[in-house]
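Student: Right, I'll just put the structure down here and ask away after.
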C-alpha cells in the first residue's frame, strides 16, 4: 500500500550570543553552581539580547534548516511555529518569519503547547502532508523564555534559556510499513487539571500583562517520567516496534534527572539519549530541534535509524513522534 510519509529533509538551530553560566547566576539569586548541576544537569543558558525577538531566533534557525535541505522559501507550502513566547499577542510569530523569508504564498501560524509545542507542530505538519495539502513544511520551535522569568525566584530562573530550532518536512512515498523513512506515528495528550503545577501567572484576558513562569518542580518531575514513558511505549506499540529497536531518543531538554528517569523506566540504554540541557538549559519548544540538530551534525543519526522525539510541558501537554531517519 502506497502512503505519503513526512521525511525530515533538513535541520537548523540558533542560540543567542550571550551566555550566562551558573556561576554568574550566583550574583543574581541565592543559588550555587553545584546546586543547579546536581538537580538539573544545567551548566549554562543563552539569553536573547535586548531587542532580539523570538522571530529573530526562529528566522536564523529557519535559514539554516532551508540551507541544510538545499531549499528556498519559495518551495515551502506552510510554516508552523511552536512558541509560548510570541513577539506579539497577534499576529502570529510565524507570519513574521514568513515575511522575513520573503514567502508571500501558502500559510503560516503558531502552535502553543509550551514544552510539547515542537512535537505538536510536527504532528500538525505531518497531517497536512499526509492529507496532500502540503508537500514542504517548515516546522520551528523558538522561545525567549528569559522574558517571562522571575529573576528573584531561584526555583525557576535557573532552569530556562532562549533558543530556536527548525526542520523541513517533505513529502515522500512510502509502503505503509514500519520500515518506511519518515514519520511513522505521532501521539499527543493533554490534561488541563494540572494547570497550577506549571503555568504563567498572567495573560491578556486575565491580568492584561505577560506574567511570570511558576512551577511546582517536584510534582512536575513525577508526572513527566510516567507520562513520557507511557507515550513512548504507546508510539512503539502503534507501529509494532520495541524499545530495543530504538536507535536514538531526542527528548525535550528539561532536566537531566527527568531524562535519566524516563530512559530507565523504558529500559533504553542511556547512551541512546541525546542530552544537550547542560549547554542551553530548558528552551521549551526549541529544545528538541536544538538537540536534534546537534545530534545530526555530530553524525549520531544515520539513514534508517529509528528516532523518538518526546516532550511534556505545561497544561499538562505531552506527546511523542516516532520516525525512521
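Numbering (my numbering), first residue to last: 265 to 589. Glycine included, each C-beta is placed from N, C-alpha and C at the ideal position.
What residue ranges within the stretch 318 to 358 form continuous beta strand (DSSP E) runs of no fewer than 3 residues, ordered along the chain?
Tutor: Listed in chain order, the complete beta strand (DSSP E) runs (minimum 3 residues) inside the stretch 318 to 358 are 342 to 346.
Student: Excluding sequence positions up to five away, which residues of its chain have a Cβ less than 6 angstroms from the Cβ of residue 578?
Tutor: Here the set comprises 378, 462 and 463.
Student: By DSSP, does residue 580 sit in helix, in strand, or in coil?
Tutor: DSSP places residue 580 in coil when its eight states are reduced to three.
Student: Tell me whether residue 276 is buried or exposed, calling it buried when 16 or more other Cβ atoms sit within 10 Å of its Cβ.
Tutor: Classification of residue 276: buried, given that the 10 Å Cβ count is 16 or more.
Student: Starting from the Cα of residue 568, find the closest Cα among 415, 587, 581 and 576 and give me that residue.
Tutor: Checked all of 415, 587, 581 and 576; the closest Cα to residue 568 is 587.
Student: Out of 408, 532, 457 and 296, point me to the one whose CA is closest to residue 477's CA.
Tutor: Taking only the C-alpha atoms, the option nearest residue 477 is 408.
Student: Give the C-beta separation of residue 318 and residue 406 to the nearest angstrom, bearing in mind that I take them to be a contact with Cβ-Cβ under 8 angstroms.
Tutor: So it is a contact: roughly 5 angstroms between Cβ atoms.
Student: Going straight from the alpha carbon of residue 469 to that of residue 351, what length do you get?
Tutor: Rounded to whole angstroms, residue 469 to residue 351 spans 17 angstroms at the Cα level.
Student: According to DSSP, is residue 290 helix, strand or coil?
Tutor: Coil.
Student: Buried or exposed: residue 580, going by 16 or more other Cβ atoms within 10 Å of its Cβ?
Tutor: Buried is the call here.
Student: Helix, strand or coil, according to DSSP, for residue 478 in the structure here?
Tutor: Note: residue 478 maps to strand in three-state DSSP.
Student: For residue 506, does the count of other Cβ atoms within 10 angstroms reach 16, so buried, or fall short, so exposed?
Tutor: When all chains shown are included, residue 506 counts as exposed.
Student: Around the Cβ of residue 313, are there at least 16 other Cβ atoms within 10 angstroms (buried) or fewer (exposed)?
Tutor: Exposed.
Student: When we look at the beta-carbon of residue 501 and count the other beta-carbons within 10 Å, is it buried (16 or more) or exposed?
Tutor: With fewer than 16 Cβ atoms within 10 Å of its Cβ, residue 501 is classed as exposed.
Student: Could you tell me which of 380, 383 and 337 sits nearest to residue 367, measuring between CA atoms?
Tutor: Out of 380, 383 and 337, 337 has the C-alpha closest to the C-alpha of residue 367.
Student: Suppose you measure from the CA of residue 422 to the CA of residue 545; what does that come to, to the nearest Å?
Tutor: Cα-Cα distance, rounded: 8 angstroms.
Student: So for residue 380, helix, strand or coil by DSSP?
Tutor: Helix at residue 380.
Student: Please name the residue, chosen from 286, 363, 330 and 442, that lies closest to residue 542 on a Cα-to-Cα basis.
Tutor: Of the candidates 286, 363, 330 and 442, the one whose C-alpha sits nearest the C-alpha of residue 542 is 286.
Student: Just list the residues that DSSP pairs residue 585 with in beta bridges.
Tutor: Its beta-bridge partners are 450 and 573.
Student: Below 8 angstroms, how does it come out for the stretch 395 to 402 and the stretch 433 to 446: are there three or more Cβ pairs, yes or no?
Tutor: Contact holds: three or more Cβ-Cβ distances are below 8 angstroms.
Student: Tell me, please, whether the stretch 269 to 284 touches the stretch 298 to 315 by the rule of three or more beta-carbon pairs shorter than 8 angstroms.
Tutor: Yes: at least three Cβ pairs fall under 8 angstroms.
Student: Does the distance from the C-beta atom of residue 428 to that of residue 550 stay below 8 angstroms?
Tutor: Against a cut-off of 8 angstroms, the Cβ pair of residue 550 and residue 428 comes out as a contact.
Student: Whose C-alpha, out of 566, 583, 504 and 519, is nearest the C-alpha of residue 419?
Tutor: Nearest option by C-alpha distance: 519.
Student: With a cut-off of 8 angstroms on the beta carbons, I'd call residue 323 and residue 375 a contact; round off their distance for me.
Tutor: With 8 angstroms as the limit, residue 323 and residue 375 do not qualify as a contact, their Cβ atoms being about 17 angstroms apart.
Student: Beta-carbon within less than 6 angstroms of residue 558's beta-carbon, same chain only, minus the 5 sequence neighbours each way: which residues are those?
Tutor: Closer than 6 angstroms at the Cβ level, and outside the excluded window around residue 558, lie 540.
Student: Can you check the stretch 374 to 437 for any alpha helix (DSSP H) of at least 4 residues that lies completely inside it and give the ranges in chain order?
Tutor: Counting only runs of 4 or more, we get 381 to 394.
Student: Got a sec, what are the start and stop residues for the beta strand (DSSP E) residue 520 sits in?
Tutor: Where residue 520 is concerned, there is no enclosing beta strand (DSSP E), although the alpha helix (DSSP H) it sits in stretches over 520 to 530.
Student: Which term fits residue 473, buried or exposed, when burial requires 16 or more other beta carbons within 10 angstroms of its beta carbon?
Tutor: Exposed is the call here.
Student: Sorted by chain position, which residues of the same chain lie with C-beta nearer than 6 angstroms to residue 325's C-beta, five sequence neighbours on each side aside?
Tutor: For residue 325, where only same-chain residues beyond five positions count, the Cβ hits under 6 angstroms are 276, 277, 278, 428, 429 and 430.
Student: How long is the line joining the alpha carbons of residue 272 and residue 446, rounded to whole angstroms?
Tutor: Rounded to the nearest angstrom, the two C-alpha atoms are 7 angstroms apart.
Student: For residue 369 and residue 341, I'd like the C-alpha separation in whole angstroms.
Tutor: The straight-line gap from Cα to Cα measures roughly 7 angstroms.
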